[in-house]
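So the structure is just underneath, and the comments pick up after that.
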Amino acid sequence: MSERLPLFLEGRFVQSSSDQSIPVTNPATQAVLTEAPAATTEEMDRAIASAQAAFEQWKHTAPSARARLFMRYQQLLKDHHDELGELLAQETGKNFEDAKGDVWRGIEVVEQMCNIPSLLMGETVDNVATGVDTHSHVQPLGVSLAITPFNFPAMIPLWFFPTAIAAGNACILKPSEQDPMTPNRLAELFVEAGFPPALLQVIHGGKQQVQYLMEHEGIATVSFVGSVPVAEHVYRTATQHLKRAQCFAGAKNHMVVMPDADKQQVINNIVGASVGAAGQRCMAISVAVLVGETREWVTDIRQALAQVHPGHWDQPDAAYGPLISPAAKARVESLIQQGVDEGATLELDGRGCQVEGYPDGNWVGPTLFSQVSPDMTIYQEEIFGPVLCLVEAADLDEALTLINNNPYGNGTSLFTASGAAARKFVSEVKVGQVGINIPIPVPLPFFSFTGWRRSFFGDQHAYGKQAIRFFTETKTVTSRWFDSGMPASGPNMSINL
Ligand code: NAD
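Using our numbering, read the sequence shown as starting at 780 and increasing by one per residue.
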């Protein structure tokens, strides 16, 4: 496994001719697992040219034939679920169950693509004028580009390339350079399922490769998931190059706790949603808003968080794994110090965390701050670590104001026993994914992943019907058939039909 990772070019694995590589490490040990090549421009040109050629054939493939290939692909992913989970766990550090969950949430998108014919249906209206009918077709656009982050190396690539390809496009995937082994294996299984070569290609590298690909005239659409500054840059560049773009960015997700909520449920849910996956989820709960007397629940929350510990992916009691890199760990620890310096109360300090047998892992223990206020850096920045901030609010209105004043709008949740409070929250909160007594409300793929405000730049979201719209163009046909012998009327000089 320590050999350099190949590109997946023109339907097969090829060693890059680049002399630049990025090491891929096991974040629990720092052992180098492989190296990701930084693809050359010549390789990227080849990928795009062959993807375009594959697209010209593939767009004519019947949707039902495409669906049958997706049925094979979802079965192969299920057959290899444990193997993929283990590979993913090694390069991300996620515990085995969570790593398998990462794969599973991607498989669910592939399952949806087995139903692609009905998702591609157009619309028809008979007799829009006398003897005139209108119907619409949806048609693919060409070569899609998907740029994905480190934190879900199976699920997020699987948000994009199956949908793009099922809709009739080809796709170039540029996965995160921090965990590129899982995406390569997803591509290998894709070809094993019987898809034509070159329809999916995997280009490795970092920002230079993204820059080149997203500006390339052969790319029709750009899908991006990652941090806010990069999402802004990718959205601006792609749209400036007149491409359709959807860019999913960072978040600061609040859970509001009402006094009538079930306390034990709240505590269990807060623990999993805040420090699960070491807090490296764009839908992680990073702020809990304690309303009214729930401000007295701080000690219980601290005690519950103190029970969970990170560990190596194959340790059954590992609640979560290490952070992705030493740099990520240093950043999170420095934000914790900033929280202390700016006056928040550090209830539980995860710095200096050790896991027996893994002295070099990027460990950070569960960390809890109370007395956090909106002017503090730990409130304003996405920490992306196992750190929960507690803020207080007098009532639901105050909690809503806090959330709606925050620039991000990815996810939020309300824990309550009141239907009226829940309805008000759903109606008034300016966040795209809302959970009622559900801490991480990620919609299943028959809906779409609908972050708002600075958590998303674009229009149509990922997977579901919105993604089909993103990856297709609508063609509207208006037709009239003349009966033989029907007298021709004179020229029509107005726009009336
Ligand atoms: P990142 O922005 O560092 O990297 C994402 C991708 O962009 C990678 O493929 C990387 O190679 C590339 N990249 C990095 N810098 C670039 C640059 N300057 N120019 C062009 N490309 C560049 O993000 P990450 O650290 O891998 O992922 C974590 C972030 O992703 C968090 O902010 C998280 O909230 C966010 N995220 C958002 C969602 C969502 O759906 N909103 C989902 C998952 C992750």
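By construction, the Cβ of each residue, glycine as well, lies at the ideal position given by its N, Cα and C atoms.
Just so you know, these numbers come straight off a predicted model, no measurement behind them.
Item	Value
If you measure between the beta carbons of MET823 and GLY885, is that distance less than 7 angstroms?	no
Under 7 angstroms Cβ to Cβ from GLU1070, same chain only, skipping five residues before and after it: list those, please.	This sequence places Val at residue 1070; Glu is not what is there. Correct list, in chain order: VAL1035, VAL1036, MET1037, PRO1038, ALA1172, ASP1174, LEU1175 and ALA1178.
Residues in its own chain within less than 8 angstroms of GLN1133 by CB, not counting five upstream and five downstream?	TRP1142
Would you report the Cα separation of PHE939 and ALA925, rounded to the nearest angstrom?	7 angstroms
Measuring only the C-alpha atoms, how far is GLN1059 from TRP837?	37 angstroms
At which residues does the beta strand (DSSP E) containing ILE1215 begin and terminate?	1213 to 1215
Below 7 angstroms between beta carbons: does that hold for ASN1189 and SER1234?	yes
Report the option in HIS1240, ASN894 and PRO962 whose CA atom is closest to the CA atom of VAL882.	PRO962
Are the beta-carbon atoms belonging to GLN799 and PRO785 less than 7 angstroms from one another?	no
Should PRO1105 be listed as close to ligand 1, given that the test is whether its C-beta is under 6 angstroms from any heavy atom?	no
As a quick exercise: from LYS1042, GLN1043, GLY997 and ALA1028, pick the residue whose alpha carbon is nearest that of LEU1021.	GLY997
Ordered along the chain, which non-local residues of its own chain (more than five positions away) have a Cβ less than 6 angstroms from that of ILE1215?	LEU1193 and ALA1201
Under 7 angstroms between the Cβ atoms of GLY1140 and PRO1101?	yes
Could you give the DSSP three-state label for PRO785: helix, strand or coil?	coil
Per DSSP, MET1034 forms a beta bridge with which residues?	ALA1067 and SER1192
Taking three-plus beta-carbon pairs below 8 angstroms as touching, is the segment 1061 to 1069 in contact with the segment 833 to 850?	no
Mapping DSSP to helix, strand and coil, what is GLN799?	coil
For GLN918, does the three-state DSSP call read helix, strand or coil?	strand
Does any heavy atom of ligand 1 sit closer than 6 angstroms to the C-beta of GLU956?	yes
Hey, VAL1050 and LEU1084: beta-carbon distance below 7 angstroms or not?	yes
Touching or not, the segment 1246 to 1260 and the segment 937 to 952, by the rule of three or more beta carbon pairs under 8 angstroms?	yes
Go ahead and label GLU782 buried or exposed: buried means 16 or more other beta carbons lie within 10 angstroms of its beta carbon, across all protein chains shown.	exposed
THR1124 bridges to which residues according to DSSP?	SER1149
Based on the DSSP output, what are the partners of SER1113 in its beta bridges?	Answer is none; SER1113 lacks a bridge partner.
Whole angstroms is fine: what's the gap from PRO896's alpha carbon to SER843's?	6 angstroms
Can you give me the C-alpha to C-alpha distance between GLY973 and GLY1131, rounded to a whole angstrom?	49 angstroms
How long is the line joining the alpha carbons of GLU1075 and PRO1218, rounded to whole angstroms?	20 angstroms
Please work out which residues of its chain come closer than 7 angstroms, Cβ to Cβ, to LYS873, disregarding the five sequence neighbours upstream and downstream, and give them in chain order.	LEU867, ASP881, ALA1056, TRP1092 and GLY1100
Run the CB neighbour count on LYS953, radius 10 Å, all protein chains shown included, and call it buried at 16 or more, exposed below.	buried
Consult DSSP for THR840 and reduce its assignment to one of helix, strand or coil.	coil
State the DSSP-derived secondary structure class of TRP1231, mapped to helix, strand or coil.	strand
Between ASN1032 and ligand 1, is there a pair consisting of the residue's CB and a ligand heavy atom that are separated by less than 6 angstroms?	no
Closest to GLY985 by CA distance: which of SER1006, GLU956, PRO1008 and HIS995 is it?	GLU956
Using a 10 Å radius around the Cβ and a threshold of 16 neighbouring Cβ atoms, would you call ILE1274 buried or exposed?	exposed
Secondary structure at GLN794, three-state DSSP: helix, strand or coil?	coil
Tell me, please, which residues DSSP counts as bridged to PRO1089.	TYR1099
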